Every structure is written in structure tokens, then in C-alpha cells.
Amino acid sequence: MKVRLVRSGVATVGFGGVQAWLLMVAAGVVLLGGCRAQDHRQWADRVTYDIIREKQEESLGEASPFTIETPAYTLRRRLMLDQGLPFATPASLNSKDVEPIDQWPDRAYLERGEEPAEQFGPELVDGVLTVSLVDALQIAAHESREYQSEKETVFRSALDLDLERDEFRSTWTGVLTGMYEAELEREVVIDDEGTIDHQTVGGLEYGGVLGVSQRLRNGLSFTGQLGLDLVSLLTQDRLFSRGVFADVTVTVPLLRGSGEFVVTEPLTQAERTVVYALYNFERFKREFAVSVASEYLSVLSQLDSVQNARDNYERLIVVTRRARSLAEAGELSEISVDQSRQDELRARNQWISAMQAYQRQLDSFKVTLGLPTDARVELVREELDAIRASRGDLIAPPELSESEEEIPAADAPVELPAPGQGERGPYELEYRDALRVAFGKRLDLRVAIGQIYDAQRTVAVAADQLRADVTLLGSGAAGAQRALGGVAQDDVILRPDEGTYSALLTIDLPFERTAERVTYRSSLISFEQVVRAVQDLEDRIKLDVRNGLSRLLEGRETIRIQAQAVNVARRRVDSTSEFLEAGRAEIRDVLEAQDALLTAQNSLTSALVNYRVNELSLQRDLGVLTVDHRGLWQEYDPESEDD
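Start counting the sequence shown at 431; every next residue gets the next number (the numbering used here).
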């Protein structure tokens, strides 16, 4: 193949072109080197946390601290190391303790940093962690794996929103290319006389393209690019040529898929999904706080049962010793002594069972908090004393009038006092007042009502897909590209007035819309389902409120009954013990009285704990129990004017 190459004195220009290309490559390398995985992570975090703060202020009225970063020095890690607990893998301690693989892209992510002077959580005393109720709430928010997963759900929804927002941002692209091409033993005409020589002909093609694309909210899409080509021969006369080109394409939908409402629907839904995620997280925090408190108080209730079982065991030991003394004095039969001994053994078994049940509940509670199951942890028993003190008016026996102290005759009419008489607890609201509060505060109801609007938008978008496609396409190009085959041509000057422009109108008539028709009909069904879901949630809220108020009333009556039962059981124990000494009672009477006292004490503790948990549960169901980022709650004040 013969190619005629015209001599040209452009060697200097060609050399300058190579320099320019090398500078472009160097700039590209620098840019690529700066895009580390760590930089992308930090960038994503900044954008996402900004979105979360924005949506917190928009939906909740204020922004609160929020992070999904796993602390390098957790309480779990400290307990495992300080208490010498066994573990199977470094991951049991913390994600920062995991040994990174050779290909791990972000070393800074696993860096631990310096250990803080003050670490999170209570200090260990004699190797034991003592946890109050407030401590438990904070530890759960800091250490719980379930709590962390819920925060990550919010974070992921904000990440998705950033991706949807990116659809309407200007997107820049840059491409650098370089190619060396050589042809061995090529016939080349080297002068005007037609002298032919066989040489190796080589050349370079290099260039760059800078592009931008933009999608507007009305559906218009714009794409443009500006490019530069540099071609140069490395042999013969070192010819050099430059090409400059530009092109623009604009697409405008006129019917189906047009208009801001339809075009921005994915973005609108993503915006609302973040708000829903925040609402759900706030709801979760309240439910989780009540769950932690309920489990904490349940463990304490079992601990109180251990103490009651111990006291009962000690009392029965004394009763057995007394029975033995009376039997030796001939005042009691051996059968009665054996009965007492049997109840003593039964009491020991109850004591041991109560201790083991307490340990099992405590271990389960540690898992809820995110702490090692075998960690040495103790709870604060005084939390029960605080509940007793706050409900002292219910425990104290009511003052009786003179007429009430008199016992009516056996044949007198029986009058049953209606339940719920007397002073109510602070959260025993009137039903309609409580329901009004719940309708205004329940975040899950806000989500459900918002989803009605979402379903309506889905129907509208599905109906839009039934229309015809009418699209206007416009394009324009100016300049020209260069390759080695055109190295002898003149440089290109970009002249828009000499460009090529075109417009195309495309109409796709809606003859076939089976899939779209099915989607539209399904969207109407989904709308009906969402409406029914709101109705169902509203009824369940009413049920929650009614049940919550009912449980409080029942709990208040139960506390009073069990408090009186404890007083009666104590008098019975004292009187039967005295009668036994006087020979006027059997040992079985004393044993039954002891058993009744144990049952009444456990029932009273259980009633107090249940009432307190029911107060928290009602506040949760009303949507008025607020929980901050530390896991601490602020209880509802029924007398507050703000509510």
C-alpha cells in the first residue's frame, strides 16, 4: 500500500502536541490517585449526614446527633478484656480488631486511634459492672446490635436519596486516550520524483473528551461534549494535525414521561422514604426503651423473688427447729415435724430455682444490651424501692370509716364496690383524651397516612404510562476528529456556524399497553390496600389505648389487693406461730401461712413492676414517650399545656 506524505515543517508543533498529551495523562493520573476509597467514604458520610439533619429538622422539628460509626472502644470490648472472658475471634471484640485482608481498600476505617481517658459506661468495681436503669438505657443505645441495625436503615435510606438526587445533577465525564500505531516495512514515497523506500511508519493518536449531561425536572435531557484530537507521525516528516469537535443532544418528552410530577416521582419517594425511616426509628427507640426497662424490671422482680424465697427458706428452718423442740417436749407429733421438714426442703428447692431463673433472665438481658452473656453484671435493687416509693399511696392500706370497719351481718345484702374507685395514677387518662393524644403523636400513623399520598402518586404515574410517547430530539455537531489517516490534513477550527444540526420528532402511538394497563390496575388495588392499612392501624391504636388504660386500672386494683394480701399473710404468720406455741394450731397452719406470705410478696412485687411497665407502655402507645440519641427517655406530663 502506498501513502503519499507531504513534507511539512511542523516538527516543533508535533513535539508540543506530545507534551500536551503527556500533561493530560499526568493530570489524569493525579486525579485518579486522589480518588481513594477513604475519600469516597468520607464524602458519602458528609452528604448522608447532611441529608439526615435536613430531614430531622423537616419532620421532627429539630436535628439530634446521629452516627452509625462503631465506637472503637465499646463497653463490650472492655468487659471481655478486663474480665478475661473467652472469645472465638477478634471480631468478637470489635470491628476495629479484625485483621484486614491484603486487598482491604480503606486502612483508615479500621484504625483504632488512641484510647480515650474516659470510656463509655460505668466503671467496674471489683471486676463487676453495676448497671442502673438509666445505665441500661444508655448501654442499650450504645451497644445493642439491633439498635445499630435500625440506625443503619436510616442511613441507607439517606444514601438512596443521594443517589436519586444525583439523577438531576450535572454529570461531568472526562476521557483521555492515547494510541501508538506502527506499520513495519511500509512502502513510502519519499520525494517528488517517486522514490520509494521501505520504512517502518509509526504514529501517535491522542486526545481527550470532556462531556456534561444534565437532566431537568421537566424531563428534558441534555448531553454535550467537547473533544480534542492530536495525531502525529513519529517517522518521515513528523507530520502533525489537530482536530477539535463538539456535539450536543437534547431530548424532550412531550407526552408520556413528561412533566415534573412524573419525572421526579422516584426522587419524591426517596425524600419521603427518609422521613418515614426517621419516624420508624423514633418509634423503634420508644419501643426499645420500654422493652429494655421492662426486661430490666423483670430481672429485678426475679431478684426480689430470690430474696423472698431466701427469707421463706430461713423462716421454715426456724419453724422446723421449733417443731422439733415441741416434739421433743411431747407437744407435737413427729408427723408434724416431718411436714415442716418437707416444706423446708421444698423452700430450699424454690430458693435454688429462683436463683437460677434470675441468672438466666440476667444473661438474656445482657444479650439485649449487647454485652457478653458471661460478663459479670449486677443490677441495682434500689430501682424497685423507687417504684415502691412512687406508688406508696397504692400499697398503703386505705383508711376505713367507722361504718366500713364494722362487719355486716351474714344475711346482709352484699354490695360489691366497682373497680377503679379511689385516686387514679397520673397516666390513667380519659379514653377520648388519650385517643386524641395518640392520633396526634403516633409516628407510625403519620407514616401510614403519608403512604396514602404515595399510593395516589403511584396511580397517577401508572396512568401517565398509558399515554403515547412523543419525543423531540435535537442534535448538533461542529468541528471534526482526526486520525493517523488524516495526519496531513489542516488543523480543524471549531466553527459552530458551519456545524450540522438536526431535529427529530418521534411519535409512538399507544396501540400496545398491556403491561402498562396491568400496572395501572394493580396500582389501584395497592391504593385500596394502603387505605385499609390506615383503617387497620387506627383500630389497633384504639385497641392499644383501651387495653393500656384497662391494664392500668387492673394493675392499680391488683397492687391494692396484693398489698392487703401481704398484710393479711403477715398477720396470719404471726398469729399461727403464736397459736402453735400455745398448742391451739397445727404445724400445717403455720406452713400454709408461710407459703401464703411468700406468694403474696412475689405477687405484690410483680404487680408493682407490671404497673410501672404498663405506664411506660401506654406512653409508648400514645406516642408521647420521647427518647434521645443516648437512649434516655423523657416521660409525658399529662398536665402539660403543650400536649
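Even for Gly, the Cβ is constructed at its ideal location relative to N, Cα and C.
Predicted model, so just to flag it, every value in this text is computed and none were measured.
Beta-bridge pairing of Tyr610 - partner residues as DSSP gives them: The count along the sequence shown starts at 1 and reaches residue 610 at position 180. Paired residue(s): Leu634.
Gln486 (DSSP reduced to helix, strand or coil): Your numbering for residue 486 matches position 56 in the sequence shown. Note: Gln486 maps to helix in three-state DSSP.
Continuous alpha helix (DSSP H) stretch holding Val528: start and end: Working through the sequence shown from its first residue, we reach residue 528 at position 98. Under the DSSP assignment, Val528 falls outside any alpha helix (DSSP H); it carries neither an H nor an E label.
Where the beta strand (DSSP E) through Ser671 begins and ends: Residue numbering aside, residue 671 sits at position 241 when the sequence shown is read from its first letter. Ser671 -> beta strand (DSSP E) spans Phe670 to Pro683.
Own chain residues within Cβ distance below 6 angstroms of Thr679, not counting five before or after: In the sequence shown, residue 679 corresponds to position 249, counting from 1. Once the five neighbours on either side are set aside, the close Cβ partners of Thr679 are Thr653 and Ser905.
Local conformation of Leu939 per DSSP, three classes: Position 509 of the sequence shown, counted from the first residue, corresponds to residue 939. Reduced to three states, the DSSP call for Leu939 is coil.
Sufficient close CB pairs (3 or more, under 8 angstroms) joining the segment 1027-1040 to the segment 721-740: Verdict: yes, contact present.
C-alpha distance - Leu606 paired with Gln644, whole-angstrom precision: Counting from 1 along the sequence shown, the entry for residue 606 is found at position 176. Counting from 1 along the sequence shown, the entry for residue 644 is found at position 214. Between Leu606 and Gln644, the C-alpha separation is close to 21 angstroms.
C-beta atoms of Ala805 and Leu563 nearer than 8 angstroms: Within the sequence shown, numbered from 1, the residue matching residue 805 stands at position 375. Within the sequence shown, numbered from 1, the residue matching residue 563 stands at position 133. Not a contact, by the Cβ cut-off of 8 angstroms.
Proximity of Gly687 and Ala910 at Cβ, strictly below 8 angstroms: Counted from its first residue, the sequence shown places residue 687 at position 257. Counted from its first residue, the sequence shown places residue 910 at position 480. Not closer than 8 angstroms, so no.
Option in Ser651, Gly491, Ala878 and Ala898 with minimal Cα separation from Asp966: Here the question's residue 966 lines up with position 536 in the sequence shown. Comparing Cα positions, the closest option is Ala878.
Leu982 vs Tyr1066 beta-carbon contact at 8 angstroms: Numbered from 1 along the sequence shown, position 552 holds the residue referred to as residue 982. Numbered from 1 along the sequence shown, position 636 holds the residue referred to as residue 1066. No; because the gap between Cβ atoms is not below 8 angstroms, this pair is not in contact.
Residue nearest to Thr750 in terms of C-alpha spacing, selected from Ala739, Leu775, Pro501 and Arg466: Here residue 750 corresponds to residue number 320 of the sequence shown, with the count starting at 1. If we check each option's Cα against that of Thr750, Leu775 comes out closest.
Which of helix, strand or coil DSSP assigns to Ala933: Here residue 933 corresponds to residue number 503 of the sequence shown, with the count starting at 1. DSSP places Ala933 in the strand class (E or B) of the three-state scheme.
Of the residues Phe517, Pro546, Ile482 and Ala518, the one placed nearest Pro501, counting alpha carbons only: For the purposes of this step, residue 501 is taken as the residue at position 71 of the sequence shown. Its Cα nearest to that of Pro501, the residue Pro546 stands out among Phe517, Pro546, Ile482 and Ala518.
Neighbour-count burial assignment, Glu573, 16 or more Cβ in a 10 Å radius: On the sequence shown, position 143 is the one that residue 573 refers to. Buried.
Close Cβ partners of Asn648 (< 8 angstroms) along its chain, the five nearest in sequence each way excluded: Sequence index remark: in the sequence shown, residue 648 carries index 218 (1-based). Same-chain partners within the cutoff: Ser688, Gly689, Glu690 and Val693.
Where the alpha helix (DSSP H) containing Ser540 begins and where it ends: The sequence position of residue 540 within the sequence shown is 110, counting from 1. The sequence as given places Leu at residue 540; Ser does not occur at that position. Bounds of any alpha helix (DSSP H) do not take in Leu540, whose DSSP letter is neither H nor E.
Alpha carbon of Asp527 to alpha carbon of His1059, nearest angstrom: Numbered from its first residue, the sequence shown carries residue 527 at position 97. Numbered from its first residue, the sequence shown carries residue 1059 at position 629. C-alpha separation (whole angstroms): 26 angstroms.
Counted within 10 angstroms of its Cβ, other Cβ atoms place Thr519 as buried (16 or more) or exposed: As a first step, residue 519 is located in the sequence shown; it is residue number 89 there, counting from the start. Around the beta-carbon of Thr519, fewer than 16 other beta-carbon atoms lie within 10 Å, marking it exposed.
CA nearest to the CA of Glu553, picked from Arg542, Ile569 and Gly543: The count along the sequence shown starts at 1 and reaches residue 553 at position 123. Comparing Cα-Cα distances from Glu553 to each of Arg542, Ile569 and Gly543, the minimum goes to Ile569.
Ordered list of beta strand (DSSP E) runs contained in the segment 559-613, each at least 3 residues: Counting whole runs of 3 or more residues, the segment 559-613 contains no beta strand (DSSP E) stretch at all.
Cβ neighbours of Asp565 in the same chain (closer than 7 angstroms, five flanking residues each side left out): Residue mapping note: residue 565 aligns to position 135 of the sequence shown, counting from 1. For Asp565, where only same-chain residues beyond five positions count, the Cβ hits under 7 angstroms are Pro552.
Cβ neighbour criterion (16 or more within 10 Å) applied to Leu934: In the sequence shown, counting from the first residue as 1, residue 934 sits at position 504. By the 10 Å Cβ count, Leu934 comes out exposed.
Residue interval of the beta strand (DSSP E) (run including Ser662): Residue mapping note: residue 662 aligns to position 232 of the sequence shown, counting from 1. Segment Ser651 to Leu663, the beta strand (DSSP E) holding Ser662.
Contacts around Arg943, its chain only, beta-carbon distance under 8 angstroms, and the 5 residues preceding and following it disregarded: Position 513 of the sequence shown, counting from 1, holds the residue named residue 943. So the qualifying residues of the chain are Gln895 and Leu896.
Inter-residue spacing [alpha-carbon to alpha-carbon] between Arg811 and Gln472: For this step, residue 811 is matched to residue 381 along the sequence shown. For this step, residue 472 is matched to residue 42 along the sequence shown. Rounded to the nearest angstrom, the gap between the Cα atoms of Arg811 and Gln472 is 45 angstroms.
Proximity of Val561 and Leu859 at Cβ, strictly below 8 angstroms: Residue mapping note: residue 561 aligns to position 131 of the sequence shown, counting from 1. Residue mapping note: residue 859 aligns to position 429 of the sequence shown, counting from 1. The criterion of a C-beta distance shorter than 8 angstroms is not satisfied by Val561 and Leu859.
Continuous beta strand (DSSP E) stretch holding Thr901: start and end: Residue numbering aside, residue 901 sits at position 471 when the sequence shown is read from its first letter. Counting along the chain, the beta strand (DSSP E) containing Thr901 begins and ends at Asp899 to Gly909.
Residue closest to Glu544, alpha-carbon to alpha-carbon, out of Ala890, Phe957, Tyr503 and Gly514: In the sequence shown, the residue the question calls residue 544 occupies position 114. Nearest option by C-alpha distance: Tyr503.
Buried or exposed (CB count within 10 angstroms, at least 16 for buried), Asn779: Start at 1 with the first residue of the sequence shown, and residue 779 comes out as number 349. Asn779 should be labelled exposed.
Backbone CA spacing between Leu1062 and Val964 [nearest angstrom]: What you label residue 1062 is simply residue 632 of the sequence shown in a count that begins at 1. What you label residue 964 is simply residue 534 of the sequence shown in a count that begins at 1. Using only the alpha carbons, I get a separation of about 30 angstroms.
Candidates Met785, Ile747 and Val889: closest to Gln772 by CA position: Within the sequence shown, residue 772 is the residue found at index 342, counting from 1. Selected option, being the one with the closest Cα: Ile747.
Cα-Cα separation between Ala885 and Ser953, rounded to whole angstroms: Indexing the sequence shown from 1 puts residue 885 at position 455. Indexing the sequence shown from 1 puts residue 953 at position 523. About 7 angstroms.
Segment limits, beta strand (DSSP E) that includes Glu1008: Taking the first residue of the sequence shown as position 1, residue 1008 is located at position 578. Counting along the chain, Glu1008 sits inside no beta strand (DSSP E); it lies in the alpha helix (DSSP H) bounded by residues Thr944 to Glu1011.
Leu515: first and last residue of the uninterrupted alpha helix (DSSP H) it sits in: Taking the first residue of the sequence shown as 1, we reach residue 515 at position 85. Counted as a single uninterrupted DSSP element, the stretch harbouring Leu515 is not any alpha helix (DSSP H), since DSSP gives it neither H nor E.
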